[in-house]
Every structure is written in structure tokens, then in C-alpha cells.
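In the working numbering, the protein residues as written are 1 to 133.
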Amino acid sequence: MSAASRLRPAFVETFPATLDQGVLYISITYRTCGHLCCCGCGEEVITPLSPAQWSVTYNGETVSLAPSIGNWALACQSHYWIRNGDIHWSRRYSAQEIAANCERDRGRLDEASADADRTSLARLRRRLNRWRR
């Protein structure tokens, strides 16, 4: 498999059993995107859509995904951006940079989880107050 230079969007409910190279599958239902690694290694890359993880932008023809895709857990450790369907390669990160990036990502997820818990608790309190009235 060769490296991809572009990804075309495919809006799906669920991902197919076998992903095609050059396609960014987008499931709004499951708030997830998936594609084969753009380096050509053939590994599946899954990107959950959430404020603490990735966001997708669709302009009617092409898609962008932010932030970058850092495949630190894959053997290739490829790193790239998906902007308007084009693949923009980034530099390789050192082991220290990868560790720092992973730690920052964990912090964002922890913070988002805490925010969700606070929001759920506030919602529960409002319901309880309405019920008491």
C-alpha cells in the first residue's frame, strides 16, 4: 500500500469491515472518524469526535480534522494533518515529545470528563429541585 496524499469523506452510520485507503469514514451517530494510516502501513486509525479530542469540518466537498493525527501507538509513528482533504505531513516527534503529548491529551480527557460530571450533577440538582417544588 502506498502513502495517501488525499482523503475523501464518506459519511456512514458504521464503518465497513474493511476500510479503503484514501477514505475518511465519518460516523456522526457514533461521533467517530476512521481511516487507514496515510503513511501506507495499512493500520486503522480511529479518531473520536469530542471537544477534548478531534473535531471534523466539512465544507460540502472536503473534510478537515483537528488537531493533527499522531499515530504514536503504531509502529510507523506517522504524524500528519488532514486539511481540506489534503494530507500535510508533520515532522517526527522524539520519544520525549510523544510522552508529553500523550500526557497533555490525558489531561484534556480528564478535564472534559470532570466537566461532564459537573454538568450532569448540575442537571440532576435542577431536576431534583423541580421535583421538590
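Using N, Cα and C, we set each Cβ at its ideal position, and we do this for glycine too.
Distance CB(residue 87)-CB(residue 7) smaller than 8 Å:
Position 87 of the sequence shown holds residue 87. Position 7 of the sequence shown holds residue 7. With contacts defined as CB atoms closer than 8 Å, residue 87 and residue 7 qualify as a contacting pair.
May I have the straight-line CA-CA distance separating residue 70 from residue 11, to the nearest angstrom?
Indexing the sequence shown from 1 puts residue 70 at position 70. Indexing the sequence shown from 1 puts residue 11 at position 11. Going by the C-alpha atoms only, they are around 23 Å apart.
Alpha carbon to alpha carbon, how far is residue 97 from residue 104?
By 1-based counting over the sequence shown, the position of residue 97 is 97. By 1-based counting over the sequence shown, the position of residue 104 is 104. Answer to the nearest angstrom: the Cα atoms are 10 Å apart.
List the endpoints of the continuous beta strand (DSSP E) containing residue 27.
Counting from 1 along the sequence shown, the entry for residue 27 is found at position 27. Note, residue 27: beta strand (DSSP E), 23–27.
Alpha carbon of residue 101 to alpha carbon of residue 72, nearest angstrom
Your numbering for residue 101 matches position 101 in the sequence shown. Your numbering for residue 72 matches position 72 in the sequence shown. Whole-angstrom Cα-Cα distance: 10 Å.
8 Å Cβ cutoff met for residue 76 and residue 33
For this step, residue 76 is matched to residue 76 along the sequence shown. For this step, residue 33 is matched to residue 33 along the sequence shown. No, they are not a contact pair.
I need the straight-line Cα distance from residue 27 to residue 80, nearest angstrom please.
Working through the sequence shown from its first residue, we reach residue 27 at position 27. Working through the sequence shown from its first residue, we reach residue 80 at position 80. So the alpha carbons of these two residues sit roughly 21 Å apart.
The beta strand (DSSP E) that contains residue 89, what's its start and end?
As a first step, residue 89 must be located in the sequence shown, where it is residue number 89. Segment 86–89, the beta strand (DSSP E) holding residue 89.
Residue 51 versus 65, 43, 41, residue with shortest Cα-Cα distance
Reading the sequence shown from its first residue, position 51 is the one you call residue 51. Among 65, 43, 41, the Cα nearest to that of residue 51 belongs to 65.
To the nearest angstrom, how far is it from the Cα of residue 41 to the Cα of residue 3?
Within the sequence shown, residue 41 is the residue found at index 41, counting from 1. Within the sequence shown, residue 3 is the residue found at index 3, counting from 1. Computed Cα separation, rounded: 8 Å.
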